[in-house]
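Protein sequences, first through last, are from chains A and B. By the count of my numbering, the first sequence reaches residue 411 at its end, each step adding exactly one. By the count of my numbering, the second sequence reaches residue 1411 at its end, each step adding exactly one. Please read the structure below before turning to the comments.
There are 2 protein chains.
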Amino acid sequence: MKQSELFTKTIKEDPKDEISTSAKLLIRAGFIDKLAAGIYSFLPLGLRVLRKIENIIREEMKEISGQEILMPALHPKEAWLPTGRWEITEMFKTKSRSGREYGLGWTHEEVVTPLVKKYVSSYKDLPRYVYQIQDKFRDELRPKSGLLRTKEFIMKDLYSFHATTEDLDDYYEKVTKAYFKIFERCELLDFTYLTLASGGAFSRYSDEFQTTAPAGEDTIYICTNCDRAINKEIKGEAAVCPECDGKDFKQEKSIEVGNIFKLGSRYSEPLGLKFKDKDGQEKPVMMGCYGLGPARIMGTIVEIFHDNQGIIWPQVVAPFKVHLILLGEEKDKKEANKLYENLRKANLEVLYDDRDVSAGEKFVDADLIGCPYRIVISKKTLAKDSIEIKKRGNDKIELVKTSNVIKELKK
Amino acid sequence: MKQSELFTKTIKEDPKDEISTSAKLLIRAGFIDKLAAGIYSFLPLGLRVLRKIENIIREEMKEISGQEILMPALHPKEAWLPTGRWEITEMFKTKSRSGREYGLGWTHEEVVTPLVKKYVSSYKDLPRYVYQIQDKFRDELRPKSGLLRTKEFIMKDLYSFHATTEDLDDYYEKVTKAYFKIFERCELLDFTYLTLASGGAFSRYSDEFQTTAPAGEDTIYICTNCDRAINKEIKGEAAVCPECDGKDFKQEKSIEVGNIFKLGSRYSEPLGLKFKDKDGQEKPVMMGCYGLGPARIMGTIVEIFHDNQGIIWPQVVAPFKVHLILLGEEKDKKEANKLYENLRKANLEVLYDDRDVSAGEKFVDADLIGCPYRIVISKKTLAKDSIEIKKRGNDKIELVKTSNVIKELKK
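Quick look at the structure:
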């Protein structure tokens, strides 16, 4: 994409109403825009990153047999009565002109369970795994960390349905592995810990995936022996490591990037999701639910991968792999345009800074936006049939023959 | 995908609470599920169709330089005050625990205009084209036509920003062509008419894209001379064809599948979106907005392409191109599995009916679901090293050598 056509521009000053580093950088670089506290728009650069994270998630959901669906955000009150969760104050509520009451979904057990009930009646219909990547709403009292905690948020929610608790336990392990795979692909693995936590409105306990970062709103205790962690909120009841019984922990600030729950029959019973087992006996379906926030992952990546100049995107989620910068005059533009077309033909994602602004401004913007490779083409480099390549986050500048650029970038 | 793993099943009986043919068929075949009046879930088959329509739209938006973004659904009341549209009764409203009021977006001028204002100040920054494919909400009093009119709906909304009305007019023409291209690709072109209509809450007049179908809630008058149409709602004020001044019309029921508006300065003025022109003079930005409903298009396609047995998907939006049906015994399954893998390796999208149910049931389901090609593999066909191919909506069954299947299907 040509930067001259991009409708966003970078912003020099930090936004006054943001505390977190990720929100400041993402807004300044033109990835997101704040509409109101806890409510953001994703701009062209930001949407590209978000979609890449979503696609990584989709691929890993497919690996564990997840079937993608899309449920609505507007839920009739009646759907929420059987479980008693209509009363939860974090749910936004609204009313139609005809007086019907609705809640805005912050989770989907109350919708997905009756849906699956329409198609499941026998043990032969189990197990089933359905997920969506969908817009959710939660009335947060103090959203203050950019994409890390918002009133409207995109969520991947997977629900699993089983005949036995053993089968649920097995699948829960599979999801845990799939989540770690996702964090590995997003380059968050080294910072992410499986953390025993409260189950909130879902179950007694849950497992959170917590990524350590100073901006985190959570505090976790990481077992120094085995890396399993415990959320501070339950440290009173869980004094030893649930994995190895270890007693030594280090305390860290962290961001909850995922949360998984063994629901058992907690929702299938009130919502009447039963099945007939091999003996013809009727039993409640065992359920699990598994949440993940693509936008929160995006914010977390920026919390971890940045420096004073801006964002340093891991290649796999970067908006563009290459930031091509033209310095100099009109006659060099022809060469730059040619290179841009060749890179694109080679299936490299390129942001091409063809704007009529100073070299300094272009370099500052490239560092702020944070694409993995910065390529400079100028009179000076053209004289040597070359371009300059610099990796973001690395000071070394390499002069590479123009004919070798694609090979170099595809390494 | 193996049909034995698909979590939905077909339903024999028509749903009691649906009037429109498309809703009945889409629910029975397992493409969508109704949560409440005007509120639907997209199930695995349905989401595949929806995504294909969305991708066609994305490709055509890219052709007219549209930049994709994603704006929120939750809008603070303050955003809607300058234009006076906070009062519109179709907008769902909600309140946070801290007493702040929000509306659920049914359009996005009030959000996109202040957003674009942050990046546009000079004629050099114009024109700009931004769009999203996003979830919208409208408090419809009597939603009764399945996906054709819902309270929550996916919409592609494009907004254009121009320095002059001439530039807006030019782009409006481009969008008109892009829309016809989209309807052509969805095989709706022969039934779709550019229709002069009221501008509603947006402008004096607008142009609708109306697809003729008995289930349509609109009535249009189509000029018998040039095919331009007029919506019945403004037939009083517009007595002659706006294209050719013709006076002969045929009346048809139709579905509004798209609507485009020249907003001019109607929203840029109250929302303060101005630019400095070449002479340094400050002027309001000229705007256009362009809506399209991917789910409504899906419903419209089914209204047009179906028979008594079920849906007949145009190939380009079909959930799967091929419905592979195995008839017979366990030992033939090996051959069917092999064929399934080979078709997939050839990048053909295949729904593979590997279930242990009767031939009759499989054929009925295949007709209901409506994939373009039905392929049958059985003891009988295997004896001839062949399979049977039948096109949906066509009675002819062809026996094709197994080795030629892929070539035949790729034609």
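Glycine included, C-beta positions come from ideal geometry on N, C-alpha and C.
Check: Residues that Leu43 of chain A contacts on chain C, provided the C-beta gap is smaller than 7 Å; Outcome: The question asks about chain C, but that chain is absent: this structure's protein chains are A and B.
Check: Residues bridged to Ala1197 of chain B [DSSP beta-bridge criterion]; Outcome: B:Ser1206
Check: Option in A:Gly288, A:Phe180, A:Phe7, A:Gln281 with minimal Cα separation from Asp169 of chain A; Outcome: A:Gly288
Check: Cβ pair count under 8 Å reaching 3, the region 215-224 of chain A against the region 240-255 of chain A; Outcome: yes
Check: Nearest neighbour of Met155 of chain A, chosen from A:Asp135, A:Ser145, A:Leu141 [CA to CA]; Outcome: A:Asp135
Check: Alpha-carbon to alpha-carbon, His162 of chain A and Asp190 of chain A; Outcome: 32 Å
Check: Alpha helix (DSSP H) runs contained entirely in the region 51-83 of chain A, provided each spans 4 or more residues; Outcome: 77-80
Check: Proximity winner among A:Asp332, A:Ile312, A:Ile230, A:Ser65, relative to His323 of chain A (alpha-carbon distances); Outcome: A:Ile312
Check: Within chain A, partners of Leu1074 of chain B - CB distance below 7 Å; Outcome: Ile39, Phe137, Lys151, Glu152
Check: Nonlocal neighbours in the same chain, by C-beta distance under 7 Å from Thr1113 of chain B, ignoring five residues either side; Outcome: Tyr1267, Ser1268, Leu1271, Leu1273
Check: Beta strand (DSSP E) segment containing Asn1394 of chain B, residue limits; Outcome: Unbroken run through Asn1394 of chain B: none, as it is neither H nor E.
Check: Leu1339 of chain B, buried or exposed, once every other Cβ within 10 Å from all chains shown has been counted against 16; Outcome: buried
Check: Spatial neighbours of Glu140 of chain A in its chain, beta-carbon cut-off 8 Å, leaving aside the 5 residues before and after; Outcome: Gly38, Glu90, Arg149, Thr150, Lys151
Check: Delimiting residues of the alpha helix (DSSP H) encompassing Arg1296 of chain B; Outcome: 1294-1304
Check: Residues near Lys384 of chain A by beta carbon distance below 7 Å, same chain, minus five either side; Outcome: Leu399
Check: Pro1076 of chain B burial status per 10 Å Cβ neighbour count (16 or more: buried); Outcome: buried
Check: Buried/exposed call for Pro214 of chain A, threshold 16 Cβ in 10 Å; Outcome: exposed
Check: Nearest-angstrom beta carbon gap, Asp33 of chain A and Leu1115 of chain B [assumed within contact, 8 Å]; Outcome: 6 Å
Check: Cross-strand partners of Gln3 of chain A (DSSP beta bridge); Outcome: Its beta-bridge partners do not exist; DSSP assigns none.
Check: In DSSP terms, what Thr1211 of chain B is bridged to; Outcome: B:Thr1192, B:Ile1255
Check: Contact list for the region 1113-1124 of chain B against chain A, Cβ threshold 9 Å; Outcome: Pro1114, Leu1115, Val1116, Lys1118, Tyr1119, Val1120
Check: Sheet register partners of Ala229 of chain A (DSSP bridge); Outcome: A:Thr195, A:Ile222
Check: Three-state secondary structure assigned by DSSP to Glu1349 of chain B; Outcome: coil
Check: From A:Glu13, A:Gln309, A:Tyr373, residue whose alpha carbon lies closest to that of Asp367 of chain A; Outcome: A:Gln309
Check: Cutoff 6 Å; reference Ile1230 of chain B; Cβ partners in own chain excluding five residues on either side; Outcome: Leu1196, Tyr1221, Ala1238
Check: Backbone secondary structure at Asp356 of chain A - three-state DSSP; Outcome: coil
Check: Limits of the unbroken alpha helix (DSSP H) element including Ser22 of chain A; Outcome: 21-28
Check: Buried versus exposed, by CB contacts within 10 Å (16 or more), Thr1165 of chain B; Outcome: exposed
Check: Interface residues of chain A facing Lys1062 of chain B [CB-CB closer than 8 Å]; Outcome: Within chain A, no residue comes near Lys1062 of chain B; the closest Cβ sits about 11 Å away, beyond 8 Å.
Check: Beta carbon proximity, Thr107 of chain A to chain B, threshold 8 Å; Outcome: no
Check: Residue-level contact to chain B via CB, Leu168 of chain A, 8 Å cutoff; Outcome: no
Check: Distance, Ala1318 of chain B Cα to Phe1180 of chain B Cα; Outcome: 20 Å
Check: CB contact below 8 Å: Phe92 of chain A versus chain B; Outcome: yes
Check: From B:Ala1079, B:Lys1144, B:Ile1053, residue whose alpha carbon lies closest to that of Ile1019 of chain B; Outcome: B:Lys1144
Check: Amino acids of chain B, ordered along the chain, whose beta-carbon sits closer than 7 Å to that of Ser96 of chain A; Outcome: Asp1139
Check: Buried versus exposed, by CB contacts within 10 Å (16 or more), Glu63 of chain A; Outcome: exposed
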